[in-house]
Each structure stands twice: as structure tokens, then as C-alpha cells.
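Protein chains in written order, with this note's numbering: chain A, 2 to 115; chain C, 748 to 862.
Ideal Cβ positions, reconstructed from N, Cα and C, are used throughout, including at glycine.
Before any comments, here is the structure.
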Amino acid sequence: AQSVAQPEDQVNVAEGNPLTVKCTYSVSGNPYLFWYVQYPNRGLQFLLKYITGDNLVKGSYGFEAEFNKSQTSFHLKKPSALVSDSALYFCARGIKAAGNKLTFGGGTRVLVKP
Amino acid sequence: DAMVIQNPRYQVTQFGKPVTLSCSQTLNHNVMYWYQQKSSQAPKLLFHYYDKDFNNEADTPDNFQSRRPNTSFCFLDIRSPGLGDAAMYLCATSTRESMSTDTQYFGPGTRLTVL
Numbered sequence: 002a003q004s005v006a007q008p009e010d011q012v013n014v015a016e017g018n019p020l021t022v023k024c025t026y027s028v029s030g031n032p033y034l035f036w037y038v039q040y041p042n043r044g045l046q047f048l049l050k051y052i053t054g055d056n057l058v059k060g061s062y063g064f065e066a067e068f069n070k071s072q073t074s075f076h077l078k079k080p081s082a083l084v085s086d087s088a089l090y091f092c093a094r095g096i097k098a099a100g101n102k103l104t105f106g107g108g109t110r111v112l113v114k115p
Numbered sequence: 748d749a750m751v752i753q754n755p756r757y758q759v760t761q762f763g764k765p766v767t768l769s770c771s772q773t774l775n776h777n778v779m780y781w782y783q784q785k786s787s788q789a790p791k792l793l794f795h796y797y798d799k800d801f802n803n804e805a806d807t808p809d810n811f812q813s814r815r816p817n818t819s820f821c822f823l824d825i826r827s828p829g830l831g832d833a834a835m836y837l838c839a840t841s842t843r844e845s846m847s848t849d850t851q852y853f854g855p856g857t858r859l860t861v862l
């Protein structure tokens, strides 16, 4: 079973509206979860991560994510989307193995329209 | 600012002609990673170094090699590039203070074109 999944290939939202990018994870193992964003022709930028503690994690650029154990989800949210938030978003999971490997979801492209 | 730098940003090579991509970091991190990313897909880990210890992924082709001469630099060598090796190559670093939970910091990537 896939360790982390992003069920939506693309999300379209109007500027100023709330943005949600979905991520679910498989139950086995510790849920160390990350969100990264990738702008065109750039590397990945770290947004936030959940390791332990408060289920609501606040990150860069006004993004936050909520760890929901009962639903095995870690959805990324932003209350008011900007056109500049248009990018490719990856959910990832840390794996307890040599080298701190990340397993990435398939990615969700976000398009914010003016 | 501390950062991960990749050179060149764009590299064009010919089919079968060896090519080297470079990565440097000013973060003084122990671990350096190389990923291959095709067509906005998820990045695929090729290998990583923990200090000088090299760790190859089981499905990384022999065509891909890596060198890490010191803490700051890491190189990706593609011995005989094929058309299927055209991709974005991402370098990343982490401290490895705690396995599985460390943030990885990515460079801007090198886009490789194979003619």
C-alpha cells in the first residue's frame, strides 16, 4: 500500500477563497508528515511538518495543516489563496530507515485564478 | 544566507556523452541526497551520502554514480546518458539529527536535456 497519497491531481480555486490540498497516509508506522511546494523550474521548498504534539501545524506563507489520526489525513490549508500560490504541492512521509528517506505523494497542482 | 546551490541550472548533453551535475551547500549538513524528477512527478531518490558513507537505492541504474569529496560538495555523474535520463535533478541536504523527522532542504535543481 502506498505510504502517502494525494487524491487530487489538480485543485482550482479563486483568489481569496480557501485552499485545501488533501493528503492521506497509511496507518503502519509513525506518521512523520511533510508538505513541500514546488514552483515552476525550481526545487522543492519546505512548508511545514508534523512530528508530534499539536495536531494543527503552522508553516510558511500562511499555510497550515491538520494532522487527523482518525481519518489518517494531513490536509494542507490556507484561508485565503493568492495567485502566487499556484504551484505543485507534495505531501511526503519520513521513513525510519537509513538516510531519513522521504516517500512522496504524487503531487497536486494548484491553480489560483484571479 | 545558508543554502543549497546547484550548477548548472540547465544542462544539455548528447546521447552517450558523460555529464556531471554539481551541488554545494553552506548549511554544513551531514546528509546529501540526489533525486530525479520527471515531468512534474514525485521526486525519486537515487542515492544519498551520510558524511562519506554512500547509500545507493536498489533501483538506481548503474549509469548513475555520485561523489562527495567533502562536506560541502556532492556530484552526480551520468556515465552514458540516454534519452530517458532527461529530467530535473534535485539535490537536497539534511542534518540527520533524528531519522525520519529531519527537514530536507532542496536546491533549485538542474534540468538535463539529452539530445
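Within 9 angstroms of the CB of P828 of chain C, no CB atom of chain A is found; the nearest one sits about 20 angstroms away. Assignment of beta strand (DSSP E) within the stretch 32 to 101 of chain A, counting only whole runs of 3 or more residues, yields 34 to 39, 45 to 51, 57 to 59, 65 to 69, 74 to 79 and 88 to 95 in chain order.
Per DSSP, C24 of chain A lies in no beta strand (DSSP E) segment and is marked neither H nor E. Taking CB atoms only, L89 of chain A has a neighbour in chain C less than 7 angstroms away. Contacts with chain C (Cβ-Cβ distance below 8 angstroms) from the stretch 49 to 81 of chain A involve K50 and I52, listed in chain order. Neighbours of F853 of chain C in chain A, taken as residues whose beta carbon is under 9 angstroms from its own, are Y37, Q39, R43, G44, L45, Q46 and F47 in chain order. Chain C has a Cβ within less than 7 angstroms of the Cβ of G108 of chain A. Put simply, the CB of G17 of chain A is far from chain C, with every gap to its CB atoms at 7 angstroms or more. Under a criterion of Cβ atoms nearer than 8 angstroms, the residues of chain A adjacent to Q788 of chain C are, in order, G107 and G108.
Neighbourhood of L103 of chain A in chain C, by CB distance below 7 angstroms: Q851, in chain order. Fewer than three Cβ pairs drawn from the stretch 756 to 775 of chain C and the stretch 72 to 82 of chain A lie within less than 8 angstroms of each other, which leaves the two stretches out of contact.
Any Cβ of chain A closer than 7 angstroms to the Cβ of T773 of chain C would place that residue at the interface, and such an atom is absent.
Only those residues of the stretch 812 to 828 of chain C whose C-beta falls short of 8 angstroms from the nearest C-beta of chain A would be listed, and there are none. At a cut-off of 7 angstroms between C-beta atoms, L862 of chain C does not count as an interface residue with respect to chain A. For Y33 of chain A, the nearest beta carbon of chain C is closer than 7 angstroms to its own beta carbon. Taking all protein chains in view, the Cβ of M750 of chain C is surrounded by fewer than 16 other Cβ atoms within 10 Å, so the residue is classified as exposed. Apart from the 5 residues on each side of it in sequence, Y26 of chain A sits with its Cβ closer than 7 angstroms to the Cβ of S4, V5, P32, L34, T73, F75 and R94 in its chain, given in chain order. R43 of chain A and R110 of chain A have their C-alpha atoms spaced approximately 14 angstroms apart. Taking C-alpha positions only, Y836 of chain C is separated from V28 of chain A by approximately 31 angstroms. Residue ranges of uninterrupted beta strand (DSSP E) with 3 or more members, entirely inside the stretch 787 to 844 of chain C and ordered along the chain, are 791 to 797, 800 to 803, 811 to 814, 820 to 825 and 834 to 841.
Taking a Cβ-Cβ threshold of 7 angstroms, the residues of chain A close to T848 of chain C are Y33, I52 and G95, in chain order.
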